[in-house]
Every structure is written in C-alpha cells, then in structure tokens.
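Some notes on the structure that comes next.
Numbering (UniProt numbering), first residue to last: 1 to 210.
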C-alpha cells in the first residue's frame with residue numbers, strides 16, 4: 001500500500017456528488033488509498049456503499065479500507081480495515097481479517113505506540129497519527145498534537161505513519177521530513193468543489209516539500 005495521499009470519506013461532506021464519485025475523482029488527482037468512514041449508516045447501507053466504492057476504485061487498483069467495522073470487510077470485498085483505540089482490539093481485528101488484508105491503527109500517545117509495538121509481528125501494517133491539528137470532520141477529537149509531537153511519534157513508530165487531522169495543502173509541507181509516510185485528509189477533498197484538483201494540489205505540495 002502506498003499511503004502517501006490517503007482519503008478518509010465523509011458521506012455528508014460529499015453531498016449530492018456521492019462518496020464513490022468523489023473518491024474516483026480524487027484518485028484521478030493522486031489519492032493512493034481510500035478509507036470508508038460513515039458512523040451513521042446501518043450495516044446494510046454501509047455494505048452497499050462500500051461495494052459501490054470498491055467498484056469505483058477497482059479500475060485504478062486503489063486499496064479500499066473500512067473504518068472500524070472489521071466484520072463487514074469480507075462482505076464489501078475491501079482490502080482491509082482501520083481501527084481506533086476504542087474500536088475492536090487489533091489482535092482480534094487481525095484474526096477476523098486474516099494475514100493478507102491490511103490493518104491500520106490510530107495512535108496519538110507514546111504509550112499507545114508502545115502498546116502497539118508490543119503486538120505480535122504482522123498485527124498492524126501502518127499507524128494513523130493525530131490529530132495533528134484541530135479538525136471539523138471529527139468534532140470529538142482529542143487535543144491536537146501539533147506537527148512536531150506527531151512527527152516524533154511517526155519517527156519512533158517502526159511502521160509507516162500517516163498524519164491526519166486538519167491537514168490542508170498549505171500545511172502539508174510542515175509535515176515533510178518528520179518521519180511520515182503520507183498524509184490523510186477528509187474535508188480537504190470531500191468538501192472541495194473539485195476533488196480531483198484538490199487531491200492534485202495536496203499531492204503536489206506533499207511531494208514538493210520532499
């Protein structure tokens with residue numbers, strides 16, 4: 001998986017355009033992986049949306065991950081899942097997923113990173129690190145880490161770390177050189193008038209800062 005430009009979907013922000021069309025456009029602009037996140041949808045509706053999104057991403061070979069609902073990965077035909085600290089235990093999630101699918105884990109503290117590092121090898125494939133900055137897409141988020149503290153976690157992770165939380169094209173350059181393998185965004189693409197252009201700008205800023 002190339003985590004350099006990681007899109008986390010928001011159904012409400014995508015609006016009438018819809019999640020699959022938004023994600024497909026974002027892929028044209030350079031998105032490399034997509035996570036389906038919709039906390040309000042019932043399981044049946046989530047599976048339907050997931051399958052539509054999977055079909056939209058398949059021509060480009062872009063991995064699809066499922067937020068939290070590890071039990072629905074198989075039904076959707078997704079490539080893996082992402083869990084938070086209060087979601088399913090990573091070991092249990094790995095047992096459900098099997099050895100070949102991807103699993104990401106959110107961390108924001110050194111103690112969480114230490115616990116994750118003590119998991120059996122192969123349990124987790126990458127870390128989502130944040131929130132780096134405050135973000136409107138997740139109003140209940142914890143205190144922002146800031147780019148320096150988040151970068152220290154990324155540098156110590158031992159696995160690819162993806163920065164998330166309040167990331168814009170303008171802020172992408174502040175994260176380069178701090179140990180991150182990529183950046184994850186929600187509103188910067190989902191709420192954009194032109195998702196493809198927004199993704200292209202994010203990718204350009206991330207790469208230019210290298």
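Beta carbons: idealized from backbone N, C-alpha and C, even for Gly.
Computed from a prediction, not measured in an experiment: that's the story for all the values here.
Local Cβ density within 10 Å of residue 106, reported as buried at 16 or more and exposed below that | Locating residue 106 in the chain shown gives position 106, counting from the first residue. Per the 10 Å Cβ criterion, buried.
Starting from the C-beta of residue 128, find all residues in its chain whose C-beta is less than 6 Å away, skip the five residues before and the five after it, and write them out in chain order.
-> Within the chain shown, residue 128 is the residue found at index 128, counting from 1. Once the five neighbours on either side are set aside, the close Cβ partners of residue 128 are 104, 106, 162, 164.
Other residues of its chain near residue 63: CB distance less than 6 Å, five sequence neighbours each side excluded = Residue 63 sits at position 63 when you count from the first residue of the chain shown. Excluding residues within five positions, the ones whose Cβ falls inside 6 Å are 1, 33, 79.
Environment of residue 111 [buried if 16+ CB atoms lie within 10 Å] | Position 111 of the chain shown holds residue 111. Counting other Cβ atoms within 10 Å of its Cβ, residue 111 stays below 16 and is therefore classed as exposed.
Following the continuous beta strand (DSSP E) through residue 111, name the residue where it begins and the one where it ends.
-> Indexing the chain shown from 1 puts residue 111 at position 111. Element bounds for residue 111: not the beta strand (DSSP E) but the alpha helix (DSSP H), 110–117.
Residue 127 bridges to which residues according to DSSP?
-> Mapped onto the chain shown, residue 127 falls at position 127. Answer by DSSP bridge pairing, in chain order: 105, 161.
In terms of residue numbering, what span does the beta strand (DSSP E) encompassing residue 122 cover?
-> Position 122 of the chain shown, counted from the first residue, corresponds to residue 122. Residue 122 -> no beta strand (DSSP E), and no H or E assigned at all.
Buried or exposed for residue 40, please, with buried defined as at least 16 other CB atoms from any protein chain shown within 10 angstroms of its CB.
-> If you number the chain shown from 1, residue 40 lands on position 40. The residue in question, residue 40, is exposed, as its Cβ has fewer than 16 Cβ neighbours within 10 Å.
Beta-carbon separation (whole angstroms), residue 6 vs residue 182, contact threshold 8 Å | Within the chain shown, numbered from 1, the residue matching residue 6 stands at position 6. Within the chain shown, numbered from 1, the residue matching residue 182 stands at position 182. So it is a contact: roughly 5 Å between Cβ atoms.
Buried or exposed for residue 201, please, with buried defined as at least 16 other CB atoms from any protein chain shown within 10 angstroms of its CB.
-> Counting from 1 along the chain shown, the entry for residue 201 is found at position 201. Buried, by the Cβ-count rule.
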